[in-house]
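Trainee: Under numbering that gives the first Met the number 0, think of the first position of the sequence shown as 0, with each following residue one higher.
Backbone N, C-alpha and C fix where the C-beta goes; we use that ideal spot for every residue, glycine too.
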Amino acid sequence: MLPPERTPRQRMMDLLIGARLSSHQLAQMLGIPERQVEDHLAHVVKSIGHDHSRRFILEPSTCPDCGFVFRDRSRLTRPSRCPKCRSEGITAPRYGIEAVRKDQN
Ligand SMILES: [Zn+2]
Numbered sequence: 000m001l002p003p004e005r006t007p008r009q010r011m012m013d014l015l016i017g018a019r020l021s022s023h024q025l026a027q028m029l030g031i032p033e034r035q036v037e038d039h040l041a042h043v044v045k046s047i048g049h050d051h052s053r054r055f056i057l058e059p060s061t062c063p064d065c066g067f068v069f070r071d072r073s074r075l076t077r078p079s080r081c082p083k084c085r086s087e088g089i090t091a092p093r094y095g096i097e098a099v100r101k102d103q104n
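(1) Would you say R8 and G95 are within 7 Å of each other, going by their C-beta atoms?
(2) Looking at E33 and H23, is the spacing between their C-beta atoms short of 7 Å?
(3) Can you tell which of I31, L29, A91 has the C-alpha that lies nearest to the C-alpha of C62?
(4) If I follow the unbroken alpha helix (DSSP H) through R5, where does it start and stop?
(5) So, with DSSP's three-state summary, where would you put S22?
(6) If distances are taken between C-alpha atoms only, which option among K83, T6, C81 comes closest to G30?
(7) Just confirm the distance between the C-beta atoms of G17 and E97, as a whole number of angstroms; I'd bet it's less than 8 Å.
(8) Would you mind stating whether V80 and S60 have Cβ atoms separated by less than 7 Å?
(9) Quick one: is the Cβ of D64 within less than 6 Å of any heavy atom of ligand 1?
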C-alpha cells in the first residue's frame with residue numbers, strides 16, 4: 000500500500016524547517032494561491048504552538064525606505080504601508096520552523 004499523500008500543509012511544514020520563506024515563495028513551491036498559503040500558515044502556527052520540540056519563526060516585515068520594523072505585528076500577511084513614512088514598498092514577512100534544542104545532560 001502506498002503511503003497517504005502528504006497534504007499541502009504537511010509539505011509546507013517540510014519546506015519551512017530550517018528555512019526562511021515568504022508566502023509568495025511558498026505559493027510558488029507548493030503550486031497553490033498565496034491566499035491559501037496564508038490560511039495554511041495560520042494552522043501551522045497553531046500546531047507548532049502545541050509542539051514543544053519545534054518553534055515557528057516569523058521574520059517581520061520591514062520598510063526599506065526608513066528601516067521601520069513591524070515587530071508587534073501578529074498577523075501573517077504583509078502590511079500595506081509604513082506607519083512612519085507611508086512607503087508602500089514593505090517587504091514580505093518570512094516564515095520558518097526551527098527545532099528547539101532539548102536540555103543537553
Ligand atoms: Zn517607512
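Mentor: To lay it out plainly:
(1) The sequence position of residue 8 within the sequence shown is 9, counting from 1. The sequence position of residue 95 within the sequence shown is 96, counting from 1. Taking 7 Å as the cut-off, the Cβ atoms of R8 and G95 do not count as close.
(2) Position 24 of the sequence shown, counting from 1, holds the residue named residue 23. Position 34 of the sequence shown, counting from 1, holds the residue named residue 33. Closer than 7 Å, so yes.
(3) Taking the first residue of the sequence shown as position 1, residue 62 is located at position 63. Nearest to C62 by C-alpha distance, out of I31, L29, A91, is A91.
(4) Against the sequence shown, residue 5 aligns to sequence position 6. Taken as a continuous stretch (DSSP letters only), R5 belongs to no alpha helix (DSSP H), as it is neither H nor E.
(5) What you label residue 22 is simply residue 23 of the sequence shown in a count that begins at 1. In this structure, S22 counts as helix in the three-state DSSP scheme.
(6) Taking the first residue of the sequence shown as position 1, residue 30 is located at position 31. Out of K83, T6, C81, the CA that lies nearest to the CA of G30 is found in T6.
(7) The residue labelled residue 17 in the question sits at position 18 within the sequence shown. The residue labelled residue 97 in the question sits at position 98 within the sequence shown. 7 Å between Cβ atoms; contact.
(8) The sequence position of residue 80 within the sequence shown is 81, counting from 1. The sequence position of residue 60 within the sequence shown is 61, counting from 1. Contrary to the premise, residue 80 reads as Arg rather than Val in this sequence. No, Cβ-Cβ distance for R80 and S60 is not below 7 Å.
(9) Taking the first residue of the sequence shown as position 1, residue 64 is located at position 65. Checking the 6 Å criterion, the Cβ of D64 is within range of a heavy atom belonging to ligand 1.
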